[in-house]
Amino acid sequence: MSNIKTVGIIGAGTMGNGIAQACAVVGINALMIDINEAAIERGIKTVSGSLDRLIRKEKLTEVQKAEAMVRITGSTKMADLAGADYAHGFAVQGHAEQAVEGEVHLGGAAAELEVANRGLELAWQRAGGEHLEEGVLR
32 MSNIKTVGII GAGTMGNGIA QACAVVGINA LMIDINEAAI ERGIKTVSGS
82 LDRLIRKEKL TEVQKAEAMV RITGSTKMAD LAGADYAHGF AVQGHAEQAV
132 EGEVHLGGAA AELEVANRGL ELAWQRAGGE HLEEGVLR
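Heads up, the sequence shown is in our numbering, so the first residue is 32 and it goes up one at a time.
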C-alpha cells in the first residue's frame with residue numbers, strides 16, 4: 032500500500048469525497064468518478080468547505096488546502112480509473128473491475144477504510160493531534 036500515488040473513488044458523495052479529502056491531505060492523488068459533472072462538483076465543493084472549516088480551527092493552512100485541492104480530480108468515465116493504483120466504489124459496487132486494468136488493487140470496504148483511516152491518522156498528526164479517536168478529522 033505504500034506505493035499508492037493515486038486512489039480511484041467511484042462516487043463523489045459523502046463517503047467518496049471524504050476518502051478523497053483524506054487522501055489529498057496526506058499527498059495522495061484522488062480521482063472521484065460519478066455519473067455527472069454536477070455530482071463531481073458537489074463533491075469537490077464539499078471537500079473545499081471541509082478544509083475551510085479545518086483552516087478556521089487552525090488544523091490546516093491555506094497552503095495545505097491549496098495543495099490538497101489540486102490533488103483531487105473528477106471524471107464521469109470509469110475508464111479513467113485505469114490510471115489509479117487503487118480503486119474502490121462507494122456508489123456502483125462491482126463496476127470498477129470492468130474499468131481497471133493492470134496492477135490496480137481493488138478493495139472492499141475494510142481495505143478502503145484501512146487506507147482512509149491511515150490517511151486521516153496522518154492528517155490528524157500533522158494537525159497536531161496525538162491520535163484519531165472517532166475516525167473523522169473535524
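Here a beta-carbon is modelled for each residue, glycine too, at the ideal position from N, C-alpha and C. Note that the coordinates shown come from a computational prediction; the quantities given were computed from them, not determined experimentally.
What are the uninterrupted segments assigned as beta strand (DSSP E) that are 3 or more residues long and contained completely in the segment 38 to 88, given in chain order?
60 to 64
Who does Gly120 pair with in a DSSP beta bridge?
Ile41
Buried or exposed (CB count within 10 angstroms, at least 16 for buried), Ile66:
exposed
If you draw a straight line from the alpha carbon of Asn34 to that of Ala113, how long is it in whole angstroms?
16 Å
Alpha carbon of Lys108 to alpha carbon of Ile64, nearest angstrom
7 Å
For Gly105, which residues does DSSP report across the bridge?
Met63
Cutting at 7 Å between CB atoms, please list the residues of its own chain near Thr104, excluding the five before and the five after it.
Leu62
C-beta atoms of Ala97 and Val78 nearer than 8 Å:
no
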